[in-house]
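Here the numbering used here = 1-based position in the sequence shown + 5.
The beta carbon of each residue, even a glycine, is placed where N, CA and C say it ideally should be.
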Amino acid sequence: MMNNLLELKDGLFKGDLGGALQIDTKAVSENGEFEGYASHFNVVDQGDDMMMAGAFKESLSQIPAEKVRMLYHHDPREVIGKYTEIREDATGLFVKGRLFLSVQRGKEVHELMKERAIEGLSIGYRTKRYEIDRDNGVRRLLAVDLREISVVTFPMEAMAGITLVKHDGSLPTEREFERYLTRDAGFTAQQAKAIIADGYKSLNKAARDAGQGSDDAGFSQLLQQATALLRA
């Protein structure tokens with residue numbers, strides 16, 4: 006059964022090795038073309054997920070590269086270019102794309118890439134099949150439905166997690182919210198549990214008592230408060 010939750014994973018542009026190096030400006034051409042990895046295989050992330058080789062195969066067979074949207078910070082209103090090639094290789098999900106330099110945001114992103122001010126790619130997807138490695142506590146993602154690939158300023162951007170509000174209008178489960186806090190927002194497991202105990206449970210109870218599936222404003226406020234705690 007497919008998970009309706011839109012999940013995010015971050016990758017790095019070509020030339021950025023594990024966050025140690027900045028973007029290789031040679032990988033960004035004057036006409037806006039660039040390439041890089043949007044996802045890496047066999048790497049356990051902060052949320053204890055591991056993307057497996059072949060996870061994108063089914064999705065890529067059903068949609069051409071140019072139909073996978075290139076967004077800015079996962080904002081569907083900010084289409085900044087198109088992908089010309091998306092394929093799996095031994096490393097992960099390799100992409101080539103071209104920014105729309107006639108679009109203001111695309112032009113801005115191009116300049117930021119050349120100046121090494123932007124260094125990340127982040128995929129938006131829905132999980133279709135997975136298995137749990139109970140010995141190691143790792144979720145192995147076997148098949149995902151790739152929806153978009155965004156250019157982002159910082160990998161693991163804290164507020165990107167607002168996509169945890171599901172498309173059916175309901176709040177994420179407690180486990181999903183905890184995964185967001187530890188995987189994307191940078192909290193420790195102990196901090197995440199404290200945030201859930203102090204804020205999430207009361208918000209979820211209020212929504213249930215009111216007979217509502219969600220409280221988007223309240224949930225967004227909770228995320229902002231959590232992020233403020235991280236930065237304090």
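From the listed residues Lys112, Glu120, Ser34, Phe46, the smallest Cα separation to Phe61 is found for Phe46.
Cβ contact annotation for Met55 (same chain, cutoff 6 Å, sequence separation greater than five): Val49, Val143, Arg145, in chain order.
A direct Cα-to-Cα measurement between Thr158 and Asp94 gives close to 25 Å.
Three or more pairs of CB atoms, one per stretch, sit closer than 8 Å, so the segment 103 to 113 contacts the segment 70 to 88. For Ala194, the uninterrupted alpha helix (DSSP H) segment begins and ends at 194 to 200. Close CB contacts of Val114 within its chain, under the 7 Å cut and outside five residues either way in sequence, are with Tyr77, Ile85, Leu104, Ile123, Val156 (chain order). Ala60 carries a coil assignment under DSSP once its states are collapsed to helix, strand and coil. Of the candidates Lys101, Lys119, Glu120, Ile200, Lys101 places its Cα closest to the Cα of Tyr42.
Ala197 is a Cβ neighbour of Glu183, given a cutoff of 8 Å.
Residue pairing by DSSP places Met55 opposite Val49, Arg145 in a beta bridge.
About 4 Å separates the beta carbons of Arg134 and Leu147, which is inside the 8 Å limit, making them a contact pair.
Nearest Cα to Glu116 within the set Glu35, Thr96, Val149: Glu35.
Here Ser66 is exposed. Its C-beta has fewer than 16 other C-beta atoms within 10 Å.
Residue pairing of Lys101 in beta bridges, as defined by DSSP: Glu40, Glu90.
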